[in-house]
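In UniProt numbering, the protein residues as written are 1 to 689.
We treat Cβ as the ideally placed atom computed from N, Cα and C, and that holds for glycine.
All values reported here derive from a predicted model rather than from experimental measurement.
This is the structure in structure tokens:
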């Protein structure tokens, strides 16, 4: 009887795969990587062809020994690590660590943990793809170079254990640039004007929106303009000028990729990117179900493709026709709009569409159920026909001015019967169906309202993932760990989904921009990703990429060592007296930003929160304005007399009063603006430091 060994990554997969393969197969787990670069040194021989120095990961010696023993007894060894670049590298490392005989070693991959997929993988066993391995080696070496060369510099200059990363530093830069954009944003005033009209034969009034004058679109930017329009409309009658009826369709959504799953889970389930990937991994590796045992519920979760296999597509369309009717079943939308997509795997989908969320609910945790339901609904919807809407639009004339109104209603729900966000699938503004070109219109009243343009929104985890993907920064497997890292290191804080820069993050980002502009440059990093993809395609030698990257990095580090010494952050002596020993306390940097410490350390270990005065009086009580931080590290400005005085501002106030209204003003980028947006006063800053 044949004795075959199958090595998977996760112990969770062992039961599932063993059950599918039977008694002739032994299934063991590697628990991820077994070899890596050493933690104690760079681990790359830059003097000898940039050869990596891999060692067995500490604590995995016994595991490697047991795997080696099992491999020596096996007739064939199948390396069944995850079907991605990293999984390919783990298989290669296993082959080296276990000293496997190439003649009896084969690589197998399966996109889903089902009997058919696992059996099929054995029929398609292959050699290890060294192009993918080398791409992973290149990424690992570049990341190690950036981390091990720049992090000690940050440690030295900012005085605490900080770190930099090839992708994380760019993500931090993107968030910082958005913060700058928000802080420098100057609101602009605009107005809306609506006319409530009574239409013969209609119970509810019709609200028509101001469009413009003489058939041209006109923006109302001030109350004076609104008053002029109202004056011109006095005594004018309203009449229907044009009525249009039509129909529009809305295509079904594409099935999930890693990025879109993270975005939608954040938006609808309030799950972080890390939690989404953690739960999706559980669904992929397998859930124990009655009668079936442990089965994987979804296909592989790290993918940038919207492609679906023909088998899964046919099964889905058959299920939809049976459950919803033939009219709902259609060839699915699989167009991949991501120009950077590698298209290595299918989109994320249920392994069996007949395994509905309700049928497995009692065997899943709440998080598992909610995420599986989201994936199941999205995939099912992607195989369904478009939704159809009946649309009405009307142009209403009054003197020289035009008002418009539009409505729509669903006439065939299509995919919306399965996957309908709150704003979709409902009858919306269906009040035009009773209006005709001869309808009589009577003005009831005007509604006028002042508005101000809003700054760009703060990044959330979902929108940051979307931006990283659009810019070509990182790959599906890197989004979650990148965001998790910058939050864990207190460079960024998360409040109500929004991501904000902390004081520490600002210091690190400023230093990275000054000393390593290419490392934090979006275009440079995106181009590097394309070069690395080319390595995976076998077009470029991986060591060429590393060899070309190293000299510039080394030169930047050496220059920074000299230049940043000139701006080295020294301990700033404060006017706060240490109550324990009488010394003047000094300002120091810690992992969470600035704090006050006694210079008598270690004899005196007294520390205090740092309250930085900005030299501006509180506009409410006259006290000092302090630069403060929230518990999560976000900077704001508040009164020293808090809680008696509750003044606070997210933008830095200045001492100069607004010449227009007398209120306080704040810094917005290169300008100073009145804090009262209704006042709207703005001037250029004379001092831009």
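For residue i, the first and last residue of its enclosing beta strand (DSSP E)
i           : result
residue 448 : 441-452
residue 653 : 653-657
residue 498 : 498-501
residue 78  : 76-79
residue 667 : 664-668
residue 194 : 189-199
residue 390 : 387-398
Same chain only: Cβ atoms within 6 Å of residue i, ignoring 5 sequence neighbours per side
i           : result
residue 682 : 186, 671, 673
residue 484 : 274
residue 664 : 619, 653, 675
residue 677 : 187, 452
residue 376 : 350, 357
residue 316 : 353, 383
residue 329 : 317, 320, 321
residue 15  : 294
residue 640 : 623, 624, 626
residue 400 : 213, 214
residue 277 : 480
residue 38  : 55
residue 266 : 461, 462
Chain-order list of residues whose beta-carbon lies under 7 Å from that of residue i (same chain, five-residue window excluded)
i           : result
residue 94  : 7, 30, 34, 79
residue 650 : 636
residue 524 : 518
residue 12  : 285, 286
residue 668 : 183, 184, 185, 186, 651
residue 468 : 171, 474, 479
With 16 other Cβ atoms within 10 Å as the buried cut-off, status of residue i
i           : result
residue 638 : buried
residue 20  : buried
residue 688 : Legend: pLDDT at residue 688 = 47, less than 50; position of this residue unreliable, no value from coordinates given.
residue 701 : Nothing can be reported for residue 701, as the shown portion of the chain is limited to 1 through 689.
residue 84  : buried
residue 444 : exposed
residue 536 : buried
residue 427 : Because residue 427 carries a pLDDT of 41, less than 50, the predicted location of this residue cannot be relied on, and the following value inherits that uncertainty. When all chains shown are included, residue 427 counts as exposed.
residue 598 : buried
residue 601 : exposed
residue 568 : Here the model assigns residue 568 a pLDDT of 49, short of 50, so the residue's position is not dependable and the matter cannot be decided.
residue 157 : buried
residue 145 : buried
residue 168 : buried
residue 282 : buried
residue 134 : buried
residue 648 : exposed
residue 175 : buried
Contacting residues, own chain, Cβ-Cβ under 8 Å from residue i (five flanking each side not counted)
i           : result
residue 182 : 455, 456, 458
residue 617 : 623, 624, 625, 655
residue 217 : 211
residue 594 : 503, 587, 588, 610, 612
residue 434 : 199, 201, 202
residue 406 : 391, 392, 393, 394, 429, 432
residue 56  : 34, 35, 64, 97
residue 550 : 46, 50, 145
residue 60  : 31, 34
Supposed contact pair residue j and residue i - C-beta distance, whole angstroms, cut 8 Å
i           : j           : result
residue 170 : residue 546 : The pair is not a contact, with the Cβ atoms about 19 Å apart (cut-off 8 Å).
residue 164 : residue 512 : 6 Å
residue 472 : residue 526 : 4 Å
residue 253 : residue 388 : Not really, about 16 Å apart at Cβ, beyond 8 Å.
residue 209 : residue 385 : So it is not a contact: roughly 32 Å between Cβ atoms.
residue 690 : residue 118 : Residue 690 lies beyond the range of the chain shown here (1 to 689); nothing can be said about it.
residue 149 : residue 557 : 5 Å
Where the alpha helix (DSSP H) through residue i begins and ends
i           : result
residue 618 : That residue, residue 618, is in no alpha helix (DSSP H); it is neither H nor E in DSSP.
residue 372 : 366-382
residue 221 : No alpha helix (DSSP H) holds residue 221; DSSP gives it neither H nor E.
residue 605 : Note, residue 605: premise wrong, no alpha helix (DSSP H); not H, not E.
residue 531 : 522-536
Chain D within 8 Å of residue i, Cβ atoms only
i          : result
residue 70 : The displayed structure is made up of one protein chain only, and chain D is not part of it.
> Taking three-plus beta-carbon pairs below 8 Å as touching, is the segment 382-395 in contact with the segment 237-245?
Replying inline: yes
>> Would you call the segment 358-376 in contact with the segment 302-315, where contact means no fewer than 3 C-beta pairs closer than 8 Å?
In response: no
>> Between the segment 406-417 and the segment 222-240, can you find at least three pairs of beta-carbon atoms closer than 8 Å?
In response: no
>> Could you check whether the segment 467-481 touches the segment 257-270, counting it as contact only if at least three pairs of C-beta atoms, one from each stretch, sit closer than 8 Å?
In response: yes
> Is it true that the segment 362-373 meets the segment 400-411, where meeting means three or more beta-carbon pairs spaced less than 8 Å apart?
Replying inline: no
> With contact counted as at least three CB pairs below 8 Å, one residue from each stretch, are the segment 505-513 and the segment 105-115 in contact?
Replying inline: no
> Just checking, does the segment 132-140 make contact with the segment 528-542 on the three C-beta pairs under 8 Å criterion?
Replying inline: yes
>> Count Cβ pairs between the segment 124-134 and the segment 47-66 that sit closer than 8 Å; are there 3 or more?
In response: no
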